[in-house]
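A.B. asks: Take the sequence shown: its letters are residues 22 to 364, numbered as in this note's numbering.
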Amino acid sequence: MAFFKKFLQKISNDDSSKGSKGGPTETAYFGTVKADPNFNAENDAAKLKKAIETKGVDEATIVEVLAKRSNAQRQQVKAAYQQSTGKPLADALKNALKSDFEEVVLALLMTPPEYDAFEMKRAMKGLGTNEAVLSEILGTRSNKEITAMKNTFKEVYGKTLEEDVKSEVSGNLEATLLALCKATRSEDYKIDDGLAKSDAKALFDAGENRVGTVCSVLIDVLTSRSESQLCKIFQYYGQYSKKGLAKVLESELHGNLEECLMTLVKSAWNKPALFAEKLHLAMKGLGTNTDTLIRIIVSRSEIDLLKIIQEYKRMYGKTLQEDILKETKGDYEKILLTLCGTQ
């Protein structure tokens with residue numbers, strides 16, 4: 022949180038808007054994994070078959086093939102493997118591999134909507150719910166990504182995502198997650214200045230300016246406005262409050278709801294920095310949260326992992342790769358570093 026406390030303090034004084042610092046005109050690619058220009062699905066399938074059948078398993082070839090192909094190419098390799106062997110590639114790898122390395126490999130074989138649906142289901146499975154994962158995924162995906170995940174969730178698990186969310190969480194957190202599930206949030210880069218001013222005042226009146234917080238107002242604004250619009254609201258909020266919205270959320274709310282709404286605030290202002298913070302926390306202290314490490318590196322590898330790596334260095338003074346080297350080992354370490362690229 023330390024970085025974001027400093028970072029979000031700038032919001033009130035920052036004259037620039039999200040819309041002016043990157044929008045639909047941005048065409049650069051910020052993923053670390055690129056399509057292999059010399060790709061041949063049948064050759065890759067044959068290489069994987071040989072690697073799986075080799076005594077002791079040839080993990081280096083598995084890393085080389087799967088971590089250096091785009092997701093679309095991996096889907097073609099899966100199809101080619103199935104055609105040539107009559108067996109699903111995921112099953113063959115599941116039988117041959119183990120532990121965290123297996124988790125990364127299986128994650129790479131899923132399409133992005135399948136992987137998001139899988140992670141959402143896992144977060145709600147069994148005793149207890151991992152609310153942080155629900156907030157992370159729903160709070161950082163586009164409407165298109167959420168819709169694709171919902172469709173896949175229904176196909177794979179036979180229930181709607183909303184049904185599962187309702188059965189696992191309640192109250193204001195449920196309301197927030199279900200609002201995000203609608204996938205109707207504005208994604209317009211144009212900023213409505215008048216609306217930003219009135220929303221900032223409404224947020225101030227609903228929280229800091231009264232005894233007891235009207236959560237419905239916070240939820241409505243944070244789950245319906247575009248990220249560009251939210252950044253402008255955060256700036257105008259500084260005209261009403263010396264604390265800034267982030268500090269107010271911390272003081273007025275607590276637990277899973279605070280984490281969910283803060284995810285929306287951080288994601289709007291600097292999404293790669295949000296993921297960098299999550300990766301840092303996953304490796305900080307005793308033990309490593311391997312699920313978080315794998316989920317973020319795999320799911321962002323063709324979106325913005327390059328930016329996340331840059332933010333990580335800026336925020337923590339060392340590279341993400343350095344921390345991965347400290348916290349992981351063996352083939353698990355190799356595949357994560359390969360996905361992070363050569364920077």
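Positions of the beta carbon are idealized from the N, C-alpha and C atoms, including for glycine.
Could you check if Leu-159 is buried or exposed, using at least 16 other CB atoms within 10 Å of its CB as the buried criterion?
C.D. replies: Leu-159 comes out buried.
A.B. asks: Any contact between the segment 109 to 124 and the segment 281 to 289? By contact I mean 3 or more CB pairs, one from each, below 8 Å.
C.D. replies: No, they do not touch.
A.B. asks: With a cut-off of 8 Å, do at least 3 Cβ pairs link the segment 304 to 313 to the segment 177 to 192?
C.D. replies: No, the segment 304 to 313 does not touch the segment 177 to 192.
A.B. asks: For Leu-194 and Lys-71, I'd like the C-alpha separation in whole angstroms.
C.D. replies: Approximately 48 Å between the Cα atoms of the pair.
A.B. asks: Count Cβ pairs between the segment 295 to 302 and the segment 99 to 119 that sit closer than 8 Å; are there 3 or more?
C.D. replies: Segments in contact, no.
A.B. asks: If I measure Cβ to Cβ from Leu-251 and keep anything under 6 Å in the same chain, skipping five residues before and after, which residues do I get?
C.D. replies: Closer than 6 Å at Cβ, skipping near neighbours: Ala-289.
A.B. asks: Using the C-alpha atoms, what's the distance from Leu-182 back to Pro-133?
C.D. replies: Taking the straight line joining both Cα atoms gives about 16 Å.
A.B. asks: Rounding to the nearest angstrom, what Cα-Cα distance links Asn-172 and Lys-55 in this structure?
C.D. replies: Taking the straight line from one Cα to the other gives about 26 Å.
A.B. asks: Classify Arg-246 as buried or exposed, calling it buried when 16 or more other Cβ atoms lie within 10 Å of its own Cβ.
C.D. replies: So Arg-246 ends up on the buried side.
A.B. asks: With the cut-off set at 8 Å, would you say Leu-69 and Leu-110 are in Cβ contact?
C.D. replies: Contact: yes.
A.B. asks: Are the Cβ atoms of Leu-274 and Thr-234 separated by less than 8 Å?
C.D. replies: Their beta carbons are under 8 Å apart, which means Leu-274 touches Thr-234 by this criterion.
A.B. asks: Kindly indicate which three-state DSSP category Asn-370 falls into: helix, strand or coil?
C.D. replies: Residue coverage of the chain in this structure runs from 22 to 364, which leaves residue 370 outside it and unanswerable.
A.B. asks: Arg-162: buried (16+ other C-beta within 10 angstroms of its C-beta) or exposed?
C.D. replies: Buried, since its Cβ has 16 or more Cβ neighbours within 10 Å.
A.B. asks: From Thr-46 to Val-125, what does the alpha carbon distance come to, in whole angstroms?
C.D. replies: Residue placement at Thr-46 cannot be trusted, given a pLDDT of 43 that sits under 50; what the coordinates show is reported in the next sentence. Computed Cα separation, rounded: 33 Å.
A.B. asks: What ranges does the alpha helix (DSSP H) occupy inside the segment 259 to 317, keeping only unbroken runs of at least 4 residues that lie completely in it?
C.D. replies: Those alpha helix (DSSP H) runs which fall completely within the segment 259 to 317 and span 4+ residues are 266 to 273 and 276 to 304.
A.B. asks: Rounded to a whole number of angstroms, what is the C-alpha to C-alpha distance between Asn-164 and Ile-212?
C.D. replies: Distance between the alpha carbons of Asn-164 and Ile-212 is about 19 Å.
A.B. asks: Just mark Gln-260 as buried or exposed, buried being the case when its beta carbon has 16 or more other beta carbons within 10 Å.
C.D. replies: Exposed: under 16 other Cβ atoms inside 10 Å.
A.B. asks: Work out the CA separation of Arg-206 and Gln-256 for me, nearest whole Å.
C.D. replies: Cα-Cα distance, rounded: 20 Å.
A.B. asks: Hey, Thr-53 and Leu-360 are a contact pair by Cβ (cut 8 Å); roughly how many whole angstroms apart?
C.D. replies: Confirmed, about 6 Å.
A.B. asks: Out of Glu-74, Gly-362, Leu-326 and Tyr-258, which one is the CA nearest neighbour of Asp-214?
C.D. replies: It is Tyr-258.
A.B. asks: Secondary structure at Pro-134, three-state DSSP: helix, strand or coil?
C.D. replies: Correct three-state label for Pro-134: helix.
A.B. asks: Tell me the DSSP secondary structure of Thr-340 in three-state form.
C.D. replies: In this structure, Thr-340 counts as coil in the three-state DSSP scheme.
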